[in-house]
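Here's the structure, in structure tokens; my notes come after.
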Amino acid sequence: MTHQDLIKLASQVKAHIKQVSPDEVEKIIKENDVVVLDVRESFEYQAGHLISAQNLSLNLIEDHIDRVISDKSTKIICYCAGGNRSALATNVLNKLGYRNVVSLEGGITAWTNKGKEIVSE
């Protein structure tokens with residue numbers, strides 16, 4: 016899949032998933048028991064990620080999510096660099112039966128642009 020194909024597919028998917036702003040994500044993390052899922056590649060994750068995030072890249076989600084999150088009612092926040100991969104990941108998780116999944120609108124870029132904290136490995 017080319018980058019352009021990814022963007023096109025993500026834009027179609029975004030109409031069918033729930034996206035939340037960085038401020039909303041921060042509030043959800045503070046108020047809830049939630050899994051923050053970084054769906055970028057491991058080298059991107061290591062360069063900087065949300066404090067409580069676990070890394071499972073988009074291409075591994077379908078085969079490995081049940082090992083990371085077995086309870087399909089778990090609240091999950093997906094994010095990536097700019098919001099496209101996390102939109103696709105959210106869609107995949109919804110199709111796999113996960114019911115409480117949202118995508119960070121604008122990804123970690125929007126998060127850091129709002130002055131919110133990240134950590135690196």
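Residue 119 in our numbering sits at position 104 of the sequence shown; the count goes up by one each step and never skips. From the three backbone atoms N, C-alpha and C, an ideal C-beta is built for every residue, glycine too.
- Sorting L103, D86, H64 and L111 by C-alpha distance to the C-alpha of D20 places L103 at the top.
- The secondary-structure analysis by DSSP pairs Q34 across a beta bridge with S118.
- In the three-state scheme derived from DSSP, where H, G and I count as helix and E and B as strand, K90 is classed as strand.
- With fewer than three CB-CB distances shorter than 8 Å, the stretch 23 to 30 does not count as touching the stretch 69 to 77.
- Classified as buried, K29 has 16 or more neighbouring CB atoms from the shown chains inside 10 Å of its CB.
- In this structure the stretch 83 to 97 touches the stretch 48 to 62; the number of beta carbon pairs closer than 8 Å is three or more.
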